[in-house]
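Under the working numbering, read the sequence shown as residues 616 to 1106, first letter to last.
Note that beta-carbon positions come from the ideal geometry of N, C-alpha and C, so glycine has one too.
Here is the structure we will look at.
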Amino acid sequence: MTTDPTIPVSTGSSGNYVNMGDSDYSNQPDGVFKDERAGAVNIDQDDVDDLQSLAPSIASSVLTADGIHDPIGFAIVCLVILVGDMARGVFFPTMWPLVEALGGSSVALGYSVASFSFGRILVSPLFGGWSVTHGYSKTLLFSCSILWVGTLLYTQAQNVGHVGFLIFAQVVMGLGSGTLGVTRAFVADVTAQRSRTTYMAWITAVQYSGFTVTPFVGSFFTKVLNDKEYKIGLFRFNQFTAPAYFMNLVITATLVLMLQFFRNRVRISAPKNNNKKSAKRMTIEDAANQVTFVGLTVYDCCILGCMLLNVSTKGSISAFETLGVSIAQSHFDMSSSRAGVIVATCGSIGVVALLSMGHMARFLSDIQLICGGMGIMCFGVLSLGFLEKDVINPSWKFCTAIFLIYSVGYPIGHTAVIGLFSKIVGRRPQGALLGWFASAGSLARLCFPIMSGYLTNFFGVSSVFYVLLCVLPLSIAFTMYGRQTLLFLSQ
């Protein structure tokens, strides 16, 4: 991706995040929701300039400059986001012990973790498209139903007694949780472009809570049940199956709430008047449509670049997700429950960091947030890069690494990537594109865990961290090289 020296660049961050006090048209959402049972929506000519499409929801669900108009509807969307990543976080403390109990190695652990993301890859673009053609409600109900089935399959992994069945259950749960593109498109449709990173930070905080805070639940079951087991026929309740039964109950409650309160939506289109585009918008579109030396437009290069940044950040944290408990046990003599508590505690701090993104944006641009977040992740990786073998390493190294990555680096850097991507897409339909963006992240969560398992098995755990220390700095360098174009197209 090359930078056009003629492009005016705004290096500041002013306008990237929402100002709840503004009332001008630029602070209105890019989409308006319409209920099937409501009357026709009247769109003034002034609104046409700022509205590209009317998203499949209800009028009272619009997130405006005045706040959330329908807190119940938006809360259900957040619940779906939470449940989707709880399917990863709740099982974190018990995944490695379960793989060991089934006779698996670190390679099998890598495949078990990666299989969840493999399921997401298969359906994320599909669900993103369905959110446009069939609406959000039907898409989310269908996906949650698949996730419900996946948790039941997970409870039978011990009865089957083979790691392959555990991997299959993980794939099914991944299929059911492949709605990141759908939920992000929901937010993108109802928020002003300049405030999008802030709103993306909100839903990312919910998602982040799902896979970093809920290990508290898995640690609780591990601590309470430990070697206890209650068995009636195919029903087995122990430290390995309890998280799955817990998830099943949460998903059941989510489905009931969706059926009761999340009304079906249809998509209607607003007329588009290309003649009334501002000069600034025309300049941005002209720059985006320029063809680079690789044969892709500048816009396509930026979209691809953001997806690669997504792969970098997601892949790095998935390596820790795969090896976290294993490293804690082998190099720090920690129990799986203690490791889960440390991750969950740092994840909770990370949620606070996400909710503070709006304040950070007053001083930092998206590019600075991305590079800063990945830089902090590098320091976290470094703290584990030189562990001694056959020796109990000081626990502060593990705690420092988890804090820098889970509390600061990943939540800030990754959220800024999501916001930058969504702002570059702008007023174009975002469902399918955000579905592909989610698939890129799932691809990273597929490849990096498998890579981590093999590298650990053949070369030791330090080799994984050396790879990450190559990936993250290269990503920072790429971002800095294209920063002017990225900032310009994201206006």
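Through-space distance from residue j to residue i, alpha-carbon basis
i	j	result
W1108	L969	The question about residue 1108 has no answer here: the residues shown for the chain are numbered 616 through 1106.
F1013	L795	30 Å
M897	M1095	25 Å
F1018	Q905	42 Å
I1027	G988	5 Å
P708	N863	18 Å
S952	V966	21 Å
V1086	S927	7 Å
D981	G1000	28 Å
S1078	T1071	7 Å
G1097	Q983	12 Å
F831	V958	9 Å
G718	Y726	14 Å
G962	T912	38 Å
G990	W711	29 Å
T766	V775	15 Å
N634	G1034	Any reading at N634 must be qualified, since the residue scores a pLDDT of 35, below 50, and its modelled position is unreliable; no value is offered.
L1089	A1059	16 Å
K1038	T907	21 Å
S746	V1032	22 Å
L1049	Y845	43 Å
I932	D901	37 Å
Element boundaries [alpha helix (DSSP H), containing residue i]
i	result
I1039	1025-1040
R953	951-970
F876	857-876
K838	830-840
Q1106	Segment: none, Q1106 is in no alpha helix (DSSP H) and carries neither H nor E.
P1009	Unbroken run through P1009: none, as it is neither H nor E.
L1002	From DSSP, L1002 is part of no alpha helix (DSSP H); its letter is neither H nor E.
L713	707-716
S998	Taken as a continuous stretch (DSSP letters only), S998 belongs to no alpha helix (DSSP H), as it is neither H nor E.
Y726	721-748
S1078	1077-1096
Q773	772-775
I782	778-791
Cβ-Cβ distance between residue i and residue j below 8 Å
i	j	result
L781	L713	yes
G833	G955	yes
I899	F1080	no
V738	L790	yes
G995	G1024	yes
C759	V695	yes
S721	Q785	no
T770	Y914	no
V728	P1064	yes
P740	W1051	yes
T819	T960	no
D700	Q822	yes
L724	S941	yes
L1101	C917	yes
T869	G1068	no
A800	G743	yes
L1084	C993	yes
F836	G688	no
V797	T748	no
I1007	F947	yes
V787	G734	yes
F783	L768	yes
K964	S1022	It should be noted that the sequence gives Ile, not Lys, for residue 964. For I964 and S1022, yes; Cβs fall inside 8 Å.
According to DSSP, residues forming a beta bridge with residue i
i	result
Y845	F852
T766	Paired residue(s): none; T766 is not in a bridge.
V906	T912
Distance between beta carbons of residue j and residue i, contact taken as under 8 Å
i	j	result
K843	N853	7 Å
V1076	L1002	7 Å
Q773	F855	6 Å
C1062	G920	At roughly 18 Å, the Cβ-Cβ gap does not stay under 8 Å, so C1062 and G920 are not in contact.
P792	A934	The question names Pro, but residue 792 in the sequence shown is Ser. In fact, because the Cβ distance is near 20 Å, the residues do not count as touching under 8 Å.
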